[in-house]
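Report on one structure; see the data block that follows.
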Amino acid sequence: MTTKAHARYRSKIQKLKNGKGVIFPGVTTIIDGSLGWNKRILINWARREALAGRDPDKLLAKAGDIGSCVHKMIEAHVKGQIEGRELIPELDSFCKEDIDKAETAFIAFLDWEKEKSLKYIESELQVVSEEYQYGG
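For my numbering, add 1315 to where a residue sits in the sequence shown, where the first one is 1.
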C-alpha cells in the first residue's frame, strides 16, 4: 500500500462542516500545524536513516501501512466482525510481514482492552467542535 494512512481513511468521509456549512480542519491538521511538535527529532531520524543507506520515506510508508493494518484489525474487533485474533478479508492488500507486525500491536490492544474492561458505544464516529472549530 502506498497511500498515507490518514488519507486512506479520510477519503471515505465527507468534509467536516459546522452547522453553518463552514469546512473545519481535521485533528491531524491541527496537531501537525500548531502544537509545536519537535520536528527536529524527525529530521535527525531521517538524516540518520539516510546516512545508514535506508530510505526514510519508505520506512515511514511501511510504518504507516502497519499502522493502517492494525487499525483495521482493531476496528473489526470493536465492531464485532471478528473474535479474538482471527483475520479479516480487508487485510488481503497487506503483506505477511506487515500483518505479523500489526498482529503484535493488536494482541497488545486486546490485553489493554481486557485490563480496562471497555464498553464500546460507537466506532469511527465523525464529530465536530463548534467551540474549537475542528473535527475528526
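Yeah, the Cβ is synthetic: ideal placement off N, Cα and C, and Gly gets one too. Just so we're clear, the structure is a prediction, and the values are computed from it rather than from any experiment.
Consult DSSP for residue i and reduce its assignment to one of helix, strand or coil.
i: G1379; result: helix
i: H1321; result: For H1321, the predicted structure reports a pLDDT of 42, less than 50, and the residue's modelled location is therefore unreliable. A value from the coordinates is still provided. Here H1321 sits in helix by DSSP.
i: E1439; result: coil
i: S1408; result: helix
i: K1332; result: strand
i: I1358; result: helix
i: I1338; result: strand
Looking at C-alpha atoms only, which residue of the options is the closest neighbour of residue i?
i: A1417; options: Y1449, G1334, H1386; result: H1386
i: F1424; options: H1392, D1370, A1376, A1361; result: H1392
i: A1378; options: Y1447, G1368, Y1435, C1410; result: C1410
Would residue i and residue j qualify as a contact pair, given that the criterion is a beta-carbon distance under 8 Å?
i: G1451; j: V1337; result: no
i: S1432; j: E1390; result: no
i: L1368; j: E1445; result: For the record, residue 1368 in the displayed sequence is Gly; it is not Leu. Against a cut-off of 8 Å, the Cβ pair of E1445 and G1368 comes out as no contact.
i: Q1441; j: L1366; result: no
i: D1380; j: D1415; result: no
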